[in-house]
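Heads up: the structure comes next, in structure tokens.
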Amino acid sequence: MTTLLISHPSSLRHVTPPGHPERTDRIRAVEQALEDERFALLQRVQAPEGTLAQVELCHPAAHAQAISEASPQQGLVQIDADTIMSPGTLAAVLHGVGGAVHAVDEVMSGRVSNAFSAMRPPGHHAESDKAMGFCFFNNAAIAARHAQKAHGAERVAIVDWDVHHGNGTQEIFWGDASVLYASTHEMPLYPGTGAPSERGEHGTIVNAPLRAGDGTDVFRDAFESAILPRLNDFRPDLVIISAGFDAHWRDPLANINLKETDFTWATQKLMEIADRHAGGRLVSILEGGYDLEGLSKSTAAHVMALMRG
């Protein structure tokens, strides 16, 4: 069985202003890293365009329509202080949705062992009715709900190691006992959510915040003490990773000191959970990562681990 890599040229057409950290060079760095001969055995496909019906698995129709209608014919439109649309943004966003859904289809059908959707913009800050933090629609949340609706998954776990807390994913599943959301993130940091006391209506929210300056030991301890035991107890039918790489020590937007080997380790730990409870079914979706070297090396380490390299 193989690892599937999903991408699409539309990721390069979502344009942000000069100096914006969420920029097209992020995808170029990821794609260049995965062109190395080590990744020759990856199965590669282009993401289909997602539909508004798929978006509406997690977002109200009125919100999905509002984002669609905000798409400019020219120039840039500011959705909030950090979140900007260009004429190519909507296509990139919808292909990001389509890539996440396609990853679930291929993994749940057993055609591939696992999948990585390497698309931008990211999605985990997008709440049910609010675009924010570079994010428009929540790809990981949509993937989880699609696994349930289309493939009968009873329990889905989303593990988010982006350095910023996935407030959107937490909000969407706050009252849902069938989806476990677990996150490591720097705190205090944008968006200000993610305290350990935020547990959801059914105790299926698991927040393990880190502090500025924390590195390998604290991160791994958070995984082993707070997240992995809960995943084992939850026994997911599918594991989804919100794979942000901005907790890398080089990243300019945060102060956590992880190395590429930490992302390898975390990937392997989540694959063990997937092997134990979910028949190996695992989908990874790119989130943040704003230092190009850190993003490139961390993505390569993550995908190599997915390939069981």
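In terms of our numbering, the sequence shown is residues 15 to 323. No residue lacks a Cβ here, since even glycine has one placed at the ideal position from N, Cα and C.
Under the DSSP assignment, E45 falls in the alpha helix (DSSP H) whose first and last residues are T38 to A47.
F248: not part of any beta strand (DSSP E); member of the alpha helix (DSSP H) spanning L242 to F248, first to last residue.
Annotated as proximal: G182 and A140, with beta-carbon spacing under 7 Å. Proximity of the region 285-300 to the region 146-163 meets the contact definition, three or more beta-carbon pairs being nearer than 8 Å. Across the set R40, V29, P31 and S25, the C-alpha of R40 shows the shortest separation from the C-alpha of D265.
For the pair A155 and I186, the Cα-to-Cα distance works out to about 7 Å. Ranked by Cα distance from A257, the options D251, A105 and H179 are led by H179. Assigned with DSSP and collapsed to three states, P223 falls in strand. The DSSP assignment places 153-165 and 181-186 as complete runs of the alpha helix (DSSP H) inside the region 138-215, in order along the chain (cut-off: 4 residues).
For A129, the pairing in a beta bridge is given by DSSP as L18 and V297.
E45 and S21 do touch by the CB rule: their CB atoms are close to 7 Å apart, below 8 Å. Distance from the CA atom of P250 to the CA atom of F53, rounded to whole angstroms, is 28 Å.
Distance from the CA atom of I287 to the CA atom of I255, rounded to whole angstroms, is 12 Å. Secondary structure of R58 (DSSP, three-state): strand. Taking 7 Å as the cut-off, the beta carbon of D94 is found closer than this to the beta carbon of M146. Listed in chain order, the non-local C-beta contacts of E70 below 7 Å within the same chain comprise A78, local neighbours out to five positions each way being set aside. Taking the CA atoms as reference points, P35 sits about 31 Å from G323.
For the 7 Å CB-CB criterion, V126 and Q68 do not form a contact. For I81, there is no enclosing beta strand (DSSP E); the enclosing alpha helix (DSSP H) has its first and last residue at A75 to A84.
In this structure, the beta-carbon distance from A191 to H216 falls below 7 Å. Counting of Cβ neighbours within 10 angstroms places G137 among the buried residues, the total reaching 16 or more. Under the 10 Å beta carbon count, T207 is surrounded by 16 or more other beta carbons and is classified as buried.
Taken through DSSP and simplified to helix, strand or coil, M122 comes out as helix.
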